[in-house]
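Read in full-length UniProt numbering, the sequence shown has 73 at position 73, and its numbers run on one by one without any break.
Positions of the beta carbon are idealized from the N, C-alpha and C atoms, including for glycine.
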Amino acid sequence: MWQQSHEKRLAHYFKLRPSGTISVKPFGFNILATLTSNSNPHKLLIRTILCVRGIKLWEVPTAPLVPHANLSTRLFWEPQCQTQLRHLQNEARITATIPPKLEGNWVSSRCEVRPGPEFLTRSYTFYQSPTRLFRALQHYYSDSECHIPTYSLVIMGKLRLRQASWITHGATEAEHHLHEVGMVIHSQKAVHHLATRLPSSCLGLKAGGHLVPHRFYELFNAKAEKDCLGALGLSMMELELLRVETHHHPHSRPAQEMFLGDVHTDWNERVHHRPTGYQEPLQNAMHHIHPCPMCALVYRSSEQHPPILPQSPSIPLDLNGNWVSQRCESRPAVLFLTRLFVFNEEQRTWEGTYQHYTDPMCRQPSFTLLASGHYAKVGQSVKVRGATELIFKVTQAKVIVYDQALLWDFNSTQNRRCGQAGGWETGVEQDITWMDGCDALGIRLPHKEYELFKMGVDHKGRPLLFSGERPTDGSSPDRPAKRPTSFQTPMVQCSKRVGVEPRYSSYSDHSTGPKISSANALHSSLILLTILNAWCWNIYVF
């Protein structure tokens, strides 16, 4: 739901550059830094940061995380929603290795919705090294439940893993090369639609020839220098950012998920977009969540026989209660966060807690945004069946800062109207409503957004809430034309009680604020170094 243009502004703190991408020399480089207690972190960093070159592609700046002393020893009662959020931070539950092991079959677990909207399922196969070949099946549909297939794409090529990403922590950068792409159309209606988009010369049709359902058409061939992908807007740039997670469960076998790069929300930017966030994950066909009936349907599919997912009854939108993130979520511009929403349908009020982190496991907090306001339901969406259009108004906001570099910037004389300059303290809440928002985070109050919500259920039968996907460029859907047509990672209902649970914090000890580990200190050093535009980054930019 509401994450305003502050995401774009936060790239100032959490990316190597405010805009564009960084290209690193083939051997990369390491940053060595020490951070000790000092009242002037600016001067300290200037003295202690050293830029050197390294030789290991898969090394990123890490250090042992120092857990909070009371986290594992104190017993305390927590509401169910807070328990769910802490459960996401359980280090023993989720592991991820760099470089990732890709071999095997990876499939969609539900009907996916991309900006446009586009409705599809995916089935990707990665073959063992040294061939590094892949075969991807993408099945497209005319409905939001993936019940009526229109056409399927067969995409074959080669993938080369490059190095650990310095832009998106925990991810691996890769290069892909397409060899061949083919298409099979599944209905006469789809034939008429695609005939207006695909020139007959691309498809090898003779004069007066027509497309025929169930016939294979070649759209791309690298050797023959044939390329007709532009008309479909097809891009496989999603393969250039990867992450594989293994989820360990005490009473069942581990499940594996593959996260591929995000798809740009602007169709015109999609082909050239280099991802910094993720899509919904694919499940390993042999080691997936249970139960997953969709996984089997997608796994057994082919370009001639696309999976036809069962229709489910439309669930009326009932927001009452508390909704929480199911996993550590990612956003473009290198943001990791968890969300906690509280809705009151009778009063049409909402409250949101957005806890931002500096790491992909959501264990090192950066800052918390607390927002609230009112909402109104507009009506059913014409573009996405089963979804509801809403208008949200944000009237109040508060911020809690944990990251030392961000704290120093807020307290500096260059503070651009964000709370009380010089009055920011670690772990202490500041109300930014009275200043009409926060320039440094790109927040304006009051603020209106045009949203898209949809209800669903997960594999355990629990209610899910899908909210509109945020624009990739970090802007806000502040007018009807920018209303989302796709969704973020769904949240799960953690309580039906209408009321506000105690605010979520990453730490059990609220009196002293979070303890800063050596890894977090190092990342804070990198953040502040970016803010200062230090000379050592420029050596490797080209």
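Item	Value
Residue of S301, P293, L297 and L242 minimising C-alpha distance to G277	L242
Bridge partner(s) assigned by DSSP for Q163	E173
Residue environment, T131, which counts as buried when at least 16 other CB atoms sit within 10 Å	exposed
Residue closest to P316, alpha-carbon to alpha-carbon, out of M286, R274 and L464	L464
Three CB pairs or more closer than 8 Å across the segment 463-481 and the segment 399-415	no
Separation of E175 from V541, as counted between CA atoms	Here V541 scores only 28 on pLDDT, less than 50, and its place in the model should not be relied on; the value that follows carries that caveat. Distance between the alpha carbons of V541 and E175 is about 19 Å.
Close-in-space but distant-in-sequence residues of the same chain around A195 (CB under 6 Å, 5 per side omitted)	L211
Option nearest Q311 by Cα separation, candidates Y141, K101 and I94	Y141
For G230, the three-state DSSP class (helix, strand or coil)	helix
H249 to C418 span [Cα, whole Å]	43 Å
8 Å contact criterion, which T265 and P471 should meet: CB distance rounded	5 Å
Cutoff 7 Å: T368 Cβ touching any chain E Cβ	The structure shown contains no chain E; it holds only a single protein chain.
Under the three-state DSSP convention, the category S235 falls into	coil
Boundaries of the alpha helix (DSSP H) in which M294 is found, first to last residue	P293 to Y299
Cα-Cα separation between V298 and I400, rounded to whole angstroms	44 Å
Nearest-angstrom Cα separation, counted from H447 out to A296	44 Å
Three-state secondary structure (DSSP) of M435	helix
Separation of R385 from H177, as counted between CA atoms	36 Å
Backbone secondary structure at E345 - three-state DSSP	coil
Sequence-distant residues of the same chain with beta carbon closer than 6 Å to F259, five excluded per side	R243, Y278 and P281
Where K460 falls, given that 16 or more other Cβ within 10 Å makes a residue buried	exposed
CB contact flag (K393, G373, <7 Å)	yes
T83, enclosing alpha helix (DSSP H) - first and last residue	Q80 to L88
Counted within 10 angstroms of its Cβ, other Cβ atoms place V263 as buried (16 or more) or exposed	buried
K365 - DSSP class collapsed to helix/strand/coil	A small fix is needed here, since residue 365 is Pro in this sequence, not Lys. If DSSP states are grouped into helix, strand and coil, P365 belongs with the strands.
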